[in-house]
Amino acid sequence: MRKCLDCPYSIIDQEIICEHKTARVMPSDVKTVHTHDGYEIVFFLRGNVNIMIEPDLIQMKRGDMFFISPLVFHGLDLEDVNISGYERIVINIQYEFLKNLGDAETDFSSLFRSEASPNMNVLHIPEEALPRFIELAERLEASLVSQEFGHSILSKSLLAEFLLLTCQYSSKAATQAQSSITPQVVTRIFDYIDSHIEEDITINKMSADLHYSSDHLSRVFSEAMGDSLKHYINAKKIVLAQKLLLQNYSPYDVCFMVGYNNYSSFSRRFSKQIGVAPKQFQLSHRDEN
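Per the UniProt record's numbering, the very first residue in the sequence shown carries number 1; after that it's consecutive.
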């Protein structure tokens with residue numbers, strides 16, 4: 001996976017990435033909210049870890065499987081910074097690859113949304129079923145690095161089997177209700193940003209509307225999310241800009257649709273976060289399609 005510059009955006013540069021991770025987590029991995037241009041599955045197995053999937057902060061339990069849609073901010077909040085017991089399986093899938101993996105009767109993208117949210121889903125896999133999921137994921141991980149004849153076809157088949165098995169559990173049990181531990185003021189900040197994302201949002205205006213001091217809002221948000229409030233607002237605007245560009249709105253129009261008043265400022269911010277200019281981003285995705 002390739003990260004663009006020092007920004008919270010990663011390009012999934014392979015059709016499938018699967019990793020069974022048990023390595024030590026370093027401070028740089030903690031509370032780093034980011035987005036991807038594709039889908040992500042986080043299958044939690046062990047550790048004392050919270051996951052942030054905007055706007056919720058959720059304490060993970062063994063067997064929890066999180067499905068995160070493209071361009072949705074998410075990250076970790078670890079109770080023990082240098083924890084070595086954080087075990088999980090992470091699967092990343094390119095947008096077009098998942099779209100083409102199913103058929104008219106099998107839309108795998110439905111796993112990544114729920115009644116509670118159009119951008120994420122959470123399932124809980126029972127203990128007795130965990131070995132089968134882990135075995136499939138480990139076979140997929142091995143196949144992806146194999147050079148044997150037919151390894152790419154096998155990888156595609158294993159991913160499809162993993163997702164189909166997940167669909168079976170999804171249909172058997174209701175989506176697990178997750179209790180968010182996000183501080184109430186941070187939830188209000190998220191709601192405010194979503195409601196005013198097309199405007200020129202300032203922290204001073206937000207603080208006046210929410211009846212908190214600007215220093216308090218900035219401090220509480222940074223402590224909870226590990227990111228500055230100003231940076232997050234701009235990052236959210238750029239994510240919306242990506243979606244609008246993919247809908248073929250002109251870069252100039254998109255600038256004002258996401259609340260920027262100056263195209264040069266918008267283009268600089270977009271290029272810093274995504275790694276390419278708005279027009280280049282739009283053209284590159286037209287080429288892919």
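Backbone N, C-alpha and C define an ideal beta-carbon position, used for all residues, glycine too.
Just so we're clear, the structure is a prediction, and the values are computed from it rather than from any experiment.
Less than 6 Å between C-beta atoms, sequence neighbours within five positions excluded: which residues of the same chain meet that for H36?
Answer for H36: S10, I12, listed in chain order.
Thinking C-beta only, is V122 closer than 7 Å to F66?
Cβ atoms of F66 and V122: closer than 7 Å.
So, is L57 buried or exposed, given that buried needs 16 or more other C-beta atoms within 10 angstroms?
The residue in question, L57, is buried, as its Cβ has 16 or more Cβ neighbours within 10 Å.
Where does R219 land, buried or exposed, given buried means 16+ other C-beta within 10 angstroms?
It counts as exposed.
Is it the case that the Cβ atoms of F221 and L229 are separated by a distance below 7 Å?
In this structure, L229 lies closer than 7 Å to F221 by Cβ.
Could you tell me the alpha carbon to alpha carbon distance between V145 and M120, rounded to whole angstroms?
Whole-angstrom Cα-Cα distance: 28 Å.
I'd like to check one pair, I93 with G38: are the Cβ atoms closer than 7 Å?
For G38 and I93, yes; Cβs fall inside 7 Å.
Whole angstroms are fine: how far does the CA of P126 sit from the CA of Y263?
For Y263 and P126, the distance between alpha carbons rounds to 51 Å.
Give me the Cα-Cα distance between N261 and F270, rounded to the nearest whole angstrom.
If I take the Cα positions, the gap works out to 14 Å.
Can you tell me where the alpha helix (DSSP H) with D194 in it begins and where it stops?
Segment 184-196, the alpha helix (DSSP H) holding D194.
Report yes if the CB atom of R282 is closer than 7 Å to the CB atom of L245, and no otherwise.
Looking at the sequence shown, residue 282 is not Arg but Gln. Cβ atoms of Q282 and L245: closer than 7 Å.
If we count the other Cβ atoms within 10 Å of its Cβ and call it buried at 16 or more, is I16 buried or exposed?
Buried, since its Cβ has 16 or more Cβ neighbours within 10 Å.
What's the gap between the Cα of A235 and the Cα of Q242?
Approximately 11 Å, taken between the alpha carbons.
Report all residues from its chain with a CB closer than 6 Å to the CB of Q184; omit the five preceding and five following residues, and keep chain order.
Once the five neighbours on either side are set aside, Q184 has no close Cβ partner at all.
For the beta strand (DSSP E) containing L123, name the first residue and the last one.
Unbroken beta strand (DSSP E) run through L123: 120-124.
Can you list, in chain order, the residues of its chain with a C-beta nearer than 6 Å to that of M206? Leave out the 5 residues immediately preceding and following it.
Taken in chain order, the residues that qualify are Y192.
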